[in-house]
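Here the UniProt record's numbering is used: position 445 in the sequence shown is 445, and no number is missing along the way. Have a look at the structure below, then the notes.
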Amino acid sequence: MARPSKLTKNNQGKKTAIIKLQLAEQEFPNQASINPLHQRRPSMAQQLLLLAAAVLAFVAGTGSCHGFHIEEATIDAIHEGFSNGSLTSTTSLVRFYLDRISRLNPLLHAVIEVNPDALRQAARADAERRSGRPCGRGLHGIPVLLKDNIATRDLLNTTAGSLALVGSVVRRDAGVVRRLRRAGAIVLGKANMEEWANFRNLEGTAGWSTRGGQGRNPYVLSADPCGSSTGSAIAAATNMAAVTLGTETDGSILCPASLNSVVGIKPTLGLTSRAGVIPISPRQDTVGPICRTISDAVKVLDAIVGYDARDAIAKESFKNTIFHQHLDTMRKHGAILIENINIANLSVTLDVLNNGEQIALPAEFKLSLDAYLSDLSYSPVHSLADIIAFNNAHPVEERLKEFGQLIFLIAENTTGIGAPERAAIQELNKLSAYGLEKLMKELKLDAIVTPNDSASSVLAIGGMPGITVPAGYGKLGVPFGICFGGLKGYEPRLIEIAHLVFALED
């Protein structure tokens with residue numbers, strides 16, 4: 001199907017309304033929503049199951065009928081290669097990615113460890129293909145790298161980048177991993193990440209972990225790679241895997257995706273399972289894809305979405321110039337841009353010292369982490385207190401003198417969710433409900449559009465989704481992205497808008 005040439009209508013036949021964010025004033029002008037439907041809406045999971053038809057039909061094919069090109073290969077191209085015989089085996093595909101990792105990882109530090117079982121999985125996929133068994137399995141034979149806080153019941157460690165959890169044994173695959181395997185994906189290994197998802201201390205280096213070292217931006221090695229899903233974004237950008245998974249509490253998918261010129265989707269809270277993911281906050285943690293194309297990201301998201309009983313809630317001026325050029329392109333093709341509208345209490349929402357996060361998150365982290373550790377079959381540490389003691393006993397490896405562990409110490413001193421924490425959580429909920437959510441509904445907006453991950457905190461506090469796509473490069477060659485965000489359940493709409501805008505720039 002040919003891609004639409006106009007950004008004038010969405011799937012519901014309504015005009016697409018988008019609003020810009022005013023970064024210079026540190027005020028997010030407002031954002032986009034759509035007219036309320038007057039009929040019963042399908043569930044979020046049902047909406048995601050329709051994405052392939054509603055969105056992927058717009059995506060032009062990327063495979064070559066004259067031969068398979070493994071570099072930059074998309075999921076569709078890989079499957080086409082298998083179909084026409086230009087790609088002979090999953091084993092050769094996995095060997096390609098393993099070779100990429102062995103050559104690039106010593107410099108970029110994107111991968112913490114590769115799966116010793118990956119080639120055996122590939123051989124099994126080849127046998128299934130020969131027997132005709134993989135029919136209908138959308139990720140069959142697709143190698144995926146997982147952020148190192150996503151549990152796998154196999155030969156891989158799950159450590160959040162820390163030495164403290166090396167050797168720990170999980171009881172089961174994380175919920176999203178179980179769905180990936182069911183879809184036929186091959187777990188290639190674990191991606192590097194900012195240690196403990198940047199929740200150990202206020203100081204630190206983006207993308208560094210004890211186990212994985214310092215992740216580096218592949219475009220400009222000295223530039224910020226962002227975190228905490230650093231390795232996933234670097235690996236996607238450099239073809240170390242077909243697709244990757246990251247996690248986000250506040251900006252950890254959107255930011256590294258933007259700065260490494262790839263696509264990242266932060267789903268609505270609870271749309272994807274967090275069971276088996278080393279946690280920070282059940283109110284804000286999400287799992288989502290980081291890939292080279294929107295099409296691939298949608299396919300991965302479609303594979304991992306769904307209910308899980310184990311989940312408690314299943315240079316700036318140069319950048320701004322290019323950002324405005326993207327906005328102009330949207331206007332020319334029919335998008336309605338509403339500018340300079342203020343979100344209520346935005347300055348408070350963005351201030352972690354006053355919005356309640358500094359009270360709620362440490363308590364949530366301690367409770368959630370201790371619960372995760374208690375569910376392990378084996379672990380050298382059994383509580384946050386044990387991890388603090390481990391770090392104290394290994395100050396050189398954990399760079400304790402440089403980075404410390406202040407947030408860990410604050411969290412350890414909490415005693416559960418008491419009156420102060422409940423009040424803080426209530427304040428956070430109010431900031432979202434009477435801020436961005438209220439504004440989007442009142443103005444009947446479809447999405448917000450911002451440079452990079454500027455809106456990540458607003459989206460995170462409200463459990464709302466966002467998607468970032470590559471938008472250009474700064475003067476020094478560092479990539480940046482455009483992020484679209486919306487209300488809960490708006491993934492199909494945001495993906496459609498992002499794809500259409502991306503297509504218009506081609």
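Where is the CB? At the ideal position from N, CA and C, for every residue including glycine.
Legend entry - Range of the contiguous beta strand (DSSP E) that encloses L146: Residues P143 to K147.
Inset, instruction - Thinking I150 and V287 are a contact (beta carbons under 8 Å), I'd like their distance in whole angstroms, please. - result: The beta-carbon separation of I150 and V287, rounded to 7 Å, stays under the 8 Å limit for a contact.
Inset, instruction - Return the first residue and the last residue of the alpha helix (DSSP H) that K299 is part of. - result: Boundaries of the alpha helix (DSSP H) harbouring K299: I294 to I304, taken from the DSSP string.
Legend entry - Whole alpha helix (DSSP H) elements within the region 374-453, 4-residue minimum: Within the region 374-453, the complete alpha helix (DSSP H) runs of at least 4 residues are 384-393, 400-403, 406-412, 419-432 and 438-443.
Inset, instruction - State buried or exposed for N392, treating a residue as buried only when at least 16 other CB atoms are found within 10 Å of its CB. - result: Residue burial annotation: N392 is exposed, with fewer than 16 other C-beta atoms found within 10 angstroms of its C-beta.
Inset, instruction - Determine which residues share a DSSP beta bridge with F480 and list them. - result: The partner list for F480 (beta bridge, DSSP) reads G472.
Legend entry - Opening and closing residue of the beta strand (DSSP E) in which I78 lies: Unbroken run through I78 is the alpha helix (DSSP H), I75 to N84; no beta strand (DSSP E).
Inset, instruction - Provide the residue span of the alpha helix (DSSP H) that contains C226, from first to last. - result: That residue, C226, is in no alpha helix (DSSP H); it is neither H nor E in DSSP.
Legend entry - Cut-off 6 Å between Cβ atoms - residues of its own chain near E398, not counting five sequence neighbours on either side: Here E398 has T210 and N391 as same chain residues with Cβ atoms under 6 Å from its own Cβ, once five neighbours each way along the sequence are excluded.
Inset, instruction - Please name the residue in A197, L487 and I497 whose C-alpha comes closest to that of T158. - result: Per the Cα distances, A197.
Inset, instruction - Could you tell me which residues DSSP pairs with W208 in its beta bridges? - result: Paired residue(s): Q214.
Inset, instruction - Using 10 angstroms around the beta-carbon of H382, count the other beta-carbons present and answer buried if the total reaches 16, otherwise exposed. - result: Under this definition H382 is an exposed residue.
Inset, instruction - Use the C-beta contact count for G489: other C-beta atoms within 10 angstroms, 16 or more gives buried, fewer gives exposed. - result: Classification of G489: buried, given that the 10 Å Cβ count is 16 or more.
Inset, instruction - Look at the alpha carbon of V449 and the alpha carbon of E72, and state the distance between them as a whole number of angstroms. - result: For the pair V449 and E72, the Cα-to-Cα distance works out to about 27 Å.
Legend entry - Buried versus exposed, by CB contacts within 10 Å (16 or more), Q426: By the 10 Å Cβ count, Q426 comes out exposed.
Legend entry - Proximity below 8 Å, CB of I75 to CB of V187: Going by C-beta atoms, I75 is not nearer than 8 Å to V187.
Inset, instruction - Indicate whether E442 and L487 have their beta-carbon atoms separated by less than 8 Å. - result: Taking 8 Å as the Cβ cut-off, E442 and L487 do not qualify as a contacting pair.
Inset, instruction - Sort D173, A297, R103 and A164 by Cα distance to A385 and report the nearest one. - result: The candidate whose alpha carbon is nearest that of A385 is A164.
Legend entry - Alpha carbon of A503 to alpha carbon of A236, nearest angstrom: One C-alpha to the other measures close to 20 Å.
Inset, instruction - Can you tell me which of the three DSSP states P492 falls into? - result: Collapsing the DSSP output to three states places P492 in a helix.
Legend entry - Counted within 10 angstroms of its Cβ, other Cβ atoms place A257 as buried (16 or more) or exposed: Burial call: buried.
Inset, instruction - Tell me whether T152 sits in a helix, a strand or coil according to DSSP, three-state version. - result: Note: T152 maps to coil in three-state DSSP.
Inset, instruction - Within 10 angstroms of the Cβ of L309, are there 16 or more other Cβ atoms? Answer buried if so, exposed if not. - result: Reading the sequence as shown, one finds Ala at residue 309 and not Leu. So A309 counts as exposed.
Inset, instruction - For the region 102-131, list the alpha helix (DSSP H) runs that are entirely contained and at least 4 residues long, ordered along the chain. - result: DSSP runs (the alpha helix (DSSP H)) wholly in the region 102-131: 118-131.
Legend entry - Buried versus exposed, by CB contacts within 10 Å (16 or more), E421: Around the C-beta of E421, 16 or more other C-beta atoms lie within 10 Å, and the residue is accordingly described as buried.
Legend entry - Start and end residues, alpha helix (DSSP H) containing V176: If you look at V176, you'll find it in the alpha helix (DSSP H) that goes G175 to R182.
Inset, instruction - Give the DSSP-derived three-state secondary structure of I359 in the structure shown. - result: DSSP places I359 in helix when its eight states are reduced to three.
Legend entry - Burial state of K475 (16 or more Cβ within 10 Å): With fewer than 16 Cβ atoms within 10 Å of its Cβ, K475 is classed as exposed.
Legend entry - Helix, strand or coil at V94 according to DSSP, with G and I counted as helix: In this structure, V94 counts as helix in the three-state DSSP scheme.
Legend entry - CB contact flag (I78, L87, <8 Å): Closer than 8 Å, so yes.
Inset, instruction - Return the residue from the list G207, L146 and G227 that minimises the CA-CA distance to I304. - result: It is L146.
Legend entry - Nearest neighbour of V169, chosen from K401, S379, G207 and A498 [CA to CA]: The shortest Cα separation from V169 among K401, S379, G207 and A498 belongs to S379.
Legend entry - Residue span of the beta strand (DSSP E) that contains residue 508, given as start and end: An answer regarding residue 508 cannot be provided, because it is not within the stretch 1 to 506 covered by the chain.
Legend entry - Residues of its chain near A183, where Cβ-Cβ distance is below 6 Å and the 5 sequence neighbours each way are ignored: If we look at A183 and ignore the five residues flanking it on each side, its Cβ neighbours are R137, G138, L139 and A303.
Inset, instruction - Report yes if the C-beta distance between S281 and T249 is below 8 Å; otherwise report no. - result: A contact, by the Cβ cut-off of 8 Å.
Inset, instruction - Can you give me the start and stop residues for the beta strand (DSSP E) that V458 sits inside? - result: Careful: V458 lies outside any beta strand (DSSP E), inside the alpha helix (DSSP H) at S456 to G462.
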